[in-house]
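Protein chains: 2
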Amino acid sequence: MAGDGEISTGASPETQTGTQAENAKAPKTERGRRTLRKLLDAAALEFGERGFHDASIAGVTSRAGLSIGTFYVYFDSKEAIFRALVADMGRLTRGWIGDRIKGAPDRLTAERVGVTAYIEFVREHKNLHRIITEAHSVAPDAYRAYYETFAEAYRRNLEEAAARGEISDGDHEERAWALIGIGSFLGWRYAIWSDDVDIAEIGAAAGDLIENGLAPRPPFAPRKAKS
Amino acid sequence: MAGDGEISTGASPETQTGTQAENAKAPKTERGRRTLRKLLDAAALEFGERGFHDASIAGVTSRAGLSIGTFYVYFDSKEAIFRALVADMGRLTRGWIGDRIKGAPDRLTAERVGVTAYIEFVREHKNLHRIITEAHSVAPDAYRAYYETFAEAYRRNLEEAAARGEISDGDHEERAWALIGIGSFLGWRYAIWSDDVDIAEIGAAAGDLIENGLAPRPPFAPRKAKS
DNA sequence: ATGAAACATGAGTCAATGTTCAAGTTCGGC
DNA sequence: GCCGAACTTGAACATTGACTCATGTTTCAT
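Listed in order, the protein sequences are those of chains A and B. In my numbering, each number is its position in the first sequence, counted from 1, plus 780. In my numbering, each number is its position in the second sequence, counted from 1, plus 780.
Following this line, the structure appears as structure tokens:
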């Protein structure tokens, strides 16, 4: 799980509150921008704690210290803010992981660091992972966009790494999805359902699986080609 | 993705409609059992097509050719039937995959076959995969139970395989979750979002990743220990 | 045959909440 | 300091759909 590096997904400078296009009603003043941010932050809490279905607009606005009416100045519907939230969180996730793997000397290291960073991220943003997962059924297109952005960057990175000989050849798109799947499920298991297992251990085990697979290790042959 | 073999999960002979405990109101006559099955089948369609939120009890009962009142003879709530459905589908999935990997000579083969079988399964039961995923937020405990049953069997199989020297040593529980994650995400990507990629290809690529990881292949050294 | 338990019915109840709107308040450029 | 645009308000509306219940029908053990 380490899709990035310098992902910017073809998008222009992302504002603090997100790209204009995703919510029809962009604020025009500083005050408006602050309000929008308050709504998104409140929504992250509300949706994260209660889930899309049980969450209410009233819950969001009261957390934000605003009135219900204000909500509809910024978003067309409950679903709209949910979508915006997913996109907002995509930026957050990419930023976090990108930062941590920036210094990795090669892809295999990046993968090790990446899984660890991802679990760590989920532990510190449990709600985020919950929300993204829920987007699966609430806003499938937003969910897809979230992971496709990820997968695409991942694929590119794998391809480049393969070209440099750091990893073996293969179908990199598929590998990207498989690796994302690993991260996502380990996130649930070891960050949300229980978070007492040592992160480094998880990272090491996952990193090893990603690097070497399950095949028995020839006790004699060296594991790497060059070095 | 190939958790089973002869999974029976410590449970006693499972009836066609499921273990008694999971829905408080077990039918006592043959007629009742048929009705219950009709409801579950109808619910699979309704929830699968419309999602938990948009699905309605009326939708379920009308698909089943029954009245709303009947529904509440068998289930206490919308959520209750959803849970029952998840459990019901767990049995189905385990059966399917177990059947396909039964003949595998060793674990690595089982893994290859397993991923392929899983994608195939999802392609033929798209609704099922959707429902399970939605259970993530609608009935987290049922969701967990579903995957924990899976992971537990998986872990056991991996451990036994390691003891036989078919795979390398390592943390098998974690590996189990990682492998499940691979299957789940590949299922979404290559069975639901698009299902035109050749299954054998996916299975081969995933199998290779699972077997050998990403590490570059020494062009000289043999890949397997014994043979 | 028969009665009681199991099963089936579906119009009506009811609470929840997403959304609207007409009226007020604040802000920022001139 | 002024004025229009931007923003805020929250009571009221409208819809929706889960769930109840009093009544009717079928089944089956005796």
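Note that CB positions come from ideal geometry on N, CA and C, so glycine has one too.
Report task. Check whether the Cβ atoms of A:Ala844 and A:Ala822 lie closer than 8 Å to each other. Result -> The answer is yes: Cβ separation under 8 Å.
Query raised in the report: Considering only residues of the same chain and omitting the five flanking positions on each side of B:Trp876, which have a CB-CB separation below 6 Å?
Result: Sequence-distant partners of B:Trp876 (beyond 5 residues in either direction) whose C-beta falls short of 6 Å from its own C-beta, in its chain, are Phe901.
Query raised in the report: How many Å lie between B:Trp968 and A:Ile982 at the Cα?
Result: Here the alpha carbon of B:Trp968 sits roughly 25 Å from the alpha carbon of A:Ile982.
Requested in this report: Pick out whichever of A:Ala995, A:Lys818, A:Gly831 and A:Arg871 has its Cα sitting closest to the Cα of A:Thr850.
Outcome: Closest in alpha carbon position to A:Thr850, among A:Ala995, A:Lys818, A:Gly831 and A:Arg871, is A:Lys818.
Query raised in the report: With a CB to CB cut of under 6 Å and the five nearest residues on each side skipped, what residues in its chain are close to B:Ala801?
Result: Bear in mind that the predicted position of B:Ala801 carries a pLDDT of just 46, short of 50, making it too unreliable to give a figure here.
Query raised in the report: Is the Cβ of A:Ser857 closer than 8 Å to any Cβ of chain B?
Result: Judged by the 8 Å Cβ criterion, A:Ser857 is not in contact with chain B.
Query raised in the report: B:His909 to A:Thr809, Cα distance in whole Å?
Result: A direct Cα-to-Cα measurement between B:His909 and A:Thr809 gives close to 45 Å.
Query - Neighbourhood of B:Ile979 by C-beta distance below 7 Å, restricted to the same chain and skipping five residues each side - result: Cβ neighbours of B:Ile979 beyond the five flanking positions: Thr896, Ile899 and Glu900.
Query raised in the report: Ends of the alpha helix (DSSP H) at A:Leu872?
Result: Here the alpha helix (DSSP H) through A:Leu872 covers Lys858 to Ile881.
Query raised in the report: Applying a beta-carbon distance threshold of less than 7 Å, which residues of chain A neighbour B:Glu991?
Result: Within chain A, the residues near B:Glu991 are Gly993, Leu994 and Ala995.
Query raised in the report: Buried or exposed: where does B:Asp951 fall if 16 or more other Cβ atoms within 10 Å of its Cβ makes it buried?
Result: B:Asp951 is classed as buried because its beta carbon has at least 16 other beta carbons within 10 Å across all chains shown.
Query raised in the report: For A:Lys906 versus A:Ile861, is the C-beta spacing smaller than 8 Å?
Result: Contact flag unset, no.
**Report entry** Rounded Cβ spacing between B:Ile911 and B:Gly828 (contact assumed at less than 8 Å)
**Finding:** Right, the Cβ-Cβ distance comes to about 6 Å (below 8 Å), so this counts as a contact.
Query - Proximal residues of chain B, C-beta to C-beta of A:Gly767 below 7 Å - result: Shown here, chain A extends from 781 to 1007; a query on residue 767 of chain A therefore has no answer.
Query raised in the report: Apart from the five residues on each side of it in sequence, which residues of its chain come closer than 7 Å, Cβ to Cβ, to A:Arg903?
Result: Setting aside the 5 residues that flank it on each side, A:Arg903 is surrounded in the same chain by Ala971 and Asp975, each with a C-beta closer than 7 Å to its C-beta; the list follows chain order.
Query raised in the report: Counting Cβ pairs closer than 8 Å, one from the segment 851 to 859 of chain B and one from the segment 867 to 874 of chain B, do we hit at least three?
Result: Judged by Cβ distances under 8 Å, the segment 851 to 859 of chain B makes no contact with the segment 867 to 874 of chain B, as fewer than three pairs qualify.
Query - Rounded C-alpha distance that separates A:Pro793 from A:Phe930 - result: Note that A:Pro793 has pLDDT 36, beneath the 50 cutoff, so the model's placement of it is unreliable and the number below is only indicative. Using only the alpha carbons, I get a separation of about 18 Å.
Query raised in the report: Nearest to B:Glu954 by alpha carbon, out of A:Val853, A:Glu914, A:Ser964 and A:Arg813?
Result: Looking from the CA of B:Glu954, the closest CA among A:Val853, A:Glu914, A:Ser964 and A:Arg813 belongs to A:Ser964.
**Report entry** Buried versus exposed, by CB contacts within 10 Å (16 or more), A:Ala1016
**Finding:** The question about residue 1016 of chain A has no answer here: the residues shown for chain A are numbered 781 through 1007.
Query raised in the report: What residues from the segment 948 to 967 of chain B come within 7 Å of chain A, judged by C-beta to C-beta, listed N to C?
Result: Those would be Ser948, Gly950, Asp951, Glu954, Arg955, Trp957, Ala958, Ile960, Gly961, Ile962, Ser964, Phe965 and Leu966, in chain order.
Report task. May I have the straight-line CA-CA distance separating B:Val840 from A:Asp949, to the nearest angstrom? Result -> Taking the straight line from one Cα to the other gives about 49 Å.
Query raised in the report: Which whole-angstrom value is the C-beta distance of A:Glu914 and A:Gly831, which I expect to be below 8 Å?
Result: About 6 Å separates the two Cβ atoms, so the contact holds.
Query - Beta-carbon proximity of A:Leu994 to B:Leu888, cut-off 8 Å - result: In this structure, A:Leu994 places its C-beta atom within 8 Å of the C-beta atom of B:Leu888.
Query raised in the report: Secondary structure at B:Ala801, three-state DSSP: helix, strand or coil?
Result: Because B:Ala801 sits at a pLDDT of 46, beneath the cut-off of 50, its placement in the model cannot be relied upon, and the following sentence gives the value as read from the coordinates. Of the three classes helix, strand and coil, the one that applies to B:Ala801 here is helix, per DSSP.
Requested in this report: Flag this pair as yes or no: are the beta carbons of A:Ala922 and A:Arg871 separated by less than 8 Å?
Outcome: Their beta carbons are not under 8 Å apart, which means A:Ala922 does not touch A:Arg871 by this criterion.
Report task. To the nearest angstrom, report how far apart B:Gly961 and A:Arg874 are at their CA atoms. Result -> Separation of B:Gly961 and A:Arg874 (C-alpha to C-alpha, rounded to the nearest whole angstrom) is 20 Å.
Query raised in the report: For B:Glu940, which three-state DSSP category applies?
Result: Under the three-state reduction of DSSP output, B:Glu940 falls in the helix class.
Query raised in the report: With burial defined as no fewer than 16 other Cβ atoms inside 10 Å of the residue's Cβ, what is the status of A:Ala919: buried or exposed?
Result: Within a 10 Å sphere around the beta-carbon of A:Ala919 sit 16 or more other beta-carbons, which makes this residue buried.
**Report entry** N- and C-terminal bounds of the alpha helix (DSSP H) containing A:Tyr898
**Finding:** Segment Arg887 to Glu904, the alpha helix (DSSP H) holding A:Tyr898.
Report task. Over the uninterrupted alpha helix (DSSP H) stretch that includes A:Ile979, give me the two end residues. Result -> Taken as a continuous stretch (DSSP letters only), the alpha helix (DSSP H) holding A:Ile979 covers Ile979 to Asn992.
**Report entry** Reduced DSSP category for B:Pro996 - H, G, I as helix; E, B as strand; rest coil
**Finding:** If DSSP states are grouped into helix, strand and coil, B:Pro996 belongs with coil.
Query - Below-8 Å beta-carbon distance, B:Asp729 vs any chain A residue - result: Outside the displayed range of chain B (781 to 1007) lies residue 729 of chain B, so it cannot be described from this structure.
Report task. Go ahead and pull the three-state DSSP assignment for B:Ser836. Result -> Note: B:Ser836 maps to coil in three-state DSSP.
Query raised in the report: So, is B:Gly883 buried or exposed, given that buried needs 16 or more other C-beta atoms within 10 angstroms?
Result: Burial call: exposed.
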